[in-house]
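Reviewing the structure listed below.
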Amino acid sequence: MAFPLSAETASSPAVDTTLARRLQAARPSATGAMSQAARRLAAEGRDIISLSEGELDFDTPVHIQHAAMRGIIEGQTRYTDVGGTPQLRASIVRKFVRDNNLHYKEAEVIASTGAKQILFNALLATLDAGDEAVVVAPYWVSYSEMIRIAGGEPVVVTPQADNGFKLTPERLAEALTPRTRWLILNAPCNPSGALYTADELRALADVVRAHPRLLVMSDDIYEEIVFEGAFVSFAQASPDMQARTLTINGVSKAYAMTGWRLGYAGGPRWLIQALELLQSQSTSNPSSVSQAAALAALDGPQDFLDGWRSRLRGRRDLALSILSQAAPLLRMACPPAAFYLYADCSAALGRITPAGQRLETDMDLARYLLEEAGVAVVPGTAFGLAPYLRLAYALSDERLALACERIVSACARLQPLSAAPSA
Ligand SMILES: Cc1ncc(COP(=O)(O)O)c(C=O)c1O
386 MAFPLSAETA SSPAVDTTLA RRLQAARPSA TGAMSQAARR LAAEGRDIIS LSEGELDFDT
446 PVHIQHAAMR GIIEGQTRYT DVGGTPQLRA SIVRKFVRDN NLHYKEAEVI ASTGAKQILF
506 NALLATLDAG DEAVVVAPYW VSYSEMIRIA GGEPVVVTPQ ADNGFKLTPE RLAEALTPRT
566 RWLILNAPCN PSGALYTADE LRALADVVRA HPRLLVMSDD IYEEIVFEGA FVSFAQASPD
626 MQARTLTING VSKAYAMTGW RLGYAGGPRW LIQALELLQS QSTSNPSSVS QAAALAALDG
686 PQDFLDGWRS RLRGRRDLAL SILSQAAPLL RMACPPAAFY LYADCSAALG RITPAGQRLE
746 TDMDLARYLL EEAGVAVVPG TAFGLAPYLR LAYALSDERL ALACERIVSA CARLQPLSAA
806 PSA
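For the sequence shown, our numbering gives the first residue as 386, with consecutive numbering after it.
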């Protein structure tokens with residue numbers, strides 16, 4: 386007997402697709418539609434150059450790869466302590482002393498599945514409904530949505546562009562309320578590249594000190610990618626802040642290890658314990674093999690990083706010099722750190738594309754650059770500050786130069802409203 390009905394024709398009972406309220410609060414990523422469009426065009430055979438990736442194009446260094454392979458062969462393939470092996474935690478403690486003059490005990494550090502897991506769990510562990518967390522725009526896309534999912538309210542502070550998008554004590558003081566639980570500081574900043582001096586961090590700490598309930602997340606994930614100036618971690622600048630700072634870092638950006646998913650943090654024991662609790666009931670330890678690799682990354686040679694920095698700086702300067710021809714439609718400062726340019730595109734809005742479309746938003750411009758120039762960028766809307774475009778320059782010099790030239794020529798084809806032929 387033939388099957389009576391195919392899956393398509395069977396009438397299935399209605400499914401309740403309502404999601405939990407905590408998820409309804411989160412907004413979909415503004416970059417999702419762009420990435421999907423980029424993938425579609427690439428699948429159609431178009432040569433799409435992506436300036437939208439938040440990762441280095443370098444390979445994970447060979448000594449780190451070998452450490453991971455050795456780890457597998459030697460049987461480091463089982464569950465480990467939830468917060469990371471004692472060896473890795475000891476290495477994290479050494480790293481914080483060596484690079485940041487921060488002294489944590491082994492029980493005050495944790496290894497997790499990416500810095501992302503630490504950020505998420507820290508917010509989940511500490512935010513109650515109505516609690517606020519201050520983020521500095523432009524900010525990394527996930528902060529605001531993680532805060533919302535955890536039940537809190539993001540409070541966005543937008544510093545002056547001509548101050549390098551750096552938070553000032555005055556702006557911080559204005560944003561704080563009795564409900565503020567977190568200040569999230571990210572320097573070098575994704576996407577602006579903002580980097581703070583020790584004095585600037587101390588001035589912020591003066592404000593934090595007056596708010597006993599306030600905690601600080603220092604997201605230092607781009608620490609190694611600094612071209613001008615020096616990196617200082619928040620608690621390093623003001624040692625009394627260590628008791629209420631979660632210093633977050635990871636191997637993703639420093640060692641080209643985004644796929645290994647290994648982040649780490651140092652912080653007060655009560656908070657690290659809460660992170661361990663959440664981790665133990667969700668993902669358990671981060672991958673044992675990635676821990677073996679991270680140990681080699683943190684304890685191994687660091688001298689190759691100078692070469693990486695100089696290649697990245699060369700790319701930054703290359704991109705800036707080509708994109709200067711797109712001024713004034715695109716205007717950008719020279720960021721001292723990280724691997725992004727954050728371009729003000731306000732002068733391009735209102736212009737008309739060769740197809741006769743008027744560009745209203747940075748999203749429209751990003752879509753135009755994708756379709757017209759075959760270059761994928763991320764609109765500033767995703768980072769809480771529009772109209773801007775974020776251009777990641779961690780790709781080969783040749784592809785980067787080609788992408789920038791395509792952007793320049795696509796911008797040159799945009800007509801001011803008055804010059805556009807009337808329909
Ligand atoms: C500012 C910032 N923090 C944290 C992360 C997450 O890093 P990880 O790969 O360690 O989860 C990223 C990744 O893009 C980032 O840009």
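Beta carbons are placed, not taken as given, at the ideal position from N, Cα and C, and that holds for glycine. In this text, all values refer to a predicted model and were calculated from it rather than measured experimentally.
Can you name, in chain order, every residue of its own chain whose Cβ lies under 7 Å from the Cβ of residue i, other than the five neighbours on each side?
i    : result
T543 : A522 and L770
G635 : G499, A500, I606, L647, G648 and Y649
T553 : P544
Q800 : R736 and I737
Q621 : N485, N486 and L487
G439 : N575 and A777
A583 : V617 and A622
E613 : P721
Given residue i, which residues of its chain have a CB within under 8 Å of its CB, disregarding the five upstream and five downstream residues?
i    : result
Q421 : none
L802 : G735, R736, I737 and R743
V611 : P573, L580, R694, P721 and A722
L750 : C730, A733, L734, L744, P764, P772 and L774
M386 : Bear in mind that a pLDDT of 42 at M386, under 50, signals an unreliable position, so the number given afterwards is only what the model happens to contain. So no residue of the chain qualifies.
V793 : I707, L708, Q710 and A711
H596 : L561 and T565
For residue i, does the three-state DSSP call read helix, strand or coil?
i    : result
D605 : coil
R463 : coil
R775 : strand
V542 : strand
T630 : strand
T403 : coil
V763 : strand
V674 : helix
W525 : coil
S803 : coil
I503 : helix
N811 : Residue 811 lies beyond the residue range present for the chain, which begins at 386 and ends at 808; the question has no answer from this structure.
L441 : coil
S709 : helix
A718 : coil
A615 : coil
A650 : strand
R598 : coil
P389 : Because P389 sits at a pLDDT of 48, beneath the cut-off of 50, its placement in the model cannot be relied upon, and the point is left open.
V565 : A quick correction: the sequence has Thr, not Val, at residue 565. Strand.
Y581 : coil
I495 : strand
I737 : strand
G456 : helix
G635 : strand
Using 10 angstroms around the beta-carbon of residue i, count the other beta-carbons present and answer buried if the total reaches 16, otherwise exposed.
i    : result
W655 : exposed
E559 : exposed
E517 : buried
L428 : It should be pointed out that residue 428 corresponds to Ala in this sequence rather than to Leu. The residue in question, A428, is exposed, as its Cβ has fewer than 16 Cβ neighbours within 10 Å.
R463 : exposed
I449 : buried
V760 : buried
R629 : buried
M531 : buried
I458 : exposed
A788 : buried
E555 : exposed
E585 : buried
L697 : buried
K490 : exposed
Q627 : buried
V467 : buried
F689 : exposed
E493 : buried
R598 : exposed
P398 : exposed
Q664 : buried
Whole-angstrom Cβ separation of residue i and residue j, contact assumed at under 8 Å?
i    : j    : result
A650 : E609 : Actually they are not in contact, since the Cβ atoms of A650 and E609 sit about 16 Å apart, beyond 8 Å.
V541 : V520 : 6 Å
A704 : Y753 : With a Cβ gap of about 19 Å, A704 and Y753 do not count as contacting.
G536 : R407 : 6 Å
L600 : L557 : Rounded, the Cβ-Cβ distance is 14 Å, inconsistent with contact.
Y739 : R798 : One detail in the question is off: residue 739 reads as Pro in this sequence, not Tyr. At roughly 5 Å, the Cβ-Cβ gap stays under 8 Å, so P739 and R798 are in contact.
What does a CB cutoff of less than 6 Å around residue i pick up in its chain, not counting 5 residues either side in sequence?
i    : result
Q461 : S673 and A677
I534 : R407 and A411
A503 : Note that residue 503 corresponds to Ile in the displayed sequence, not to Ala. Excluding positions up to five away in sequence, the list reads S497, I633, G648 and A650.
I495 : G468, A650, I657 and L660
Would you check whether ligand 2 has a heavy atom nearer than 8 Å to the C-beta of residue i?
i    : result
Y489 : This structure lacks ligand 2; its bound ligands are ligand 1.
Taking 9 Å as the threshold (beta carbon to beta carbon), is residue i in contact with chain C?
i    : result
Y773 : Protein chain content of the structure displayed is limited to a single chain, and chain C is not contained in it.
What does the shell around ligand 1 hold, if a residue joins when its beta-carbon is under 6 Å from any heavy atom? G439, G499, A500, K501, W525, N571, N575, D604, I606, G635, S637, T643 and G648
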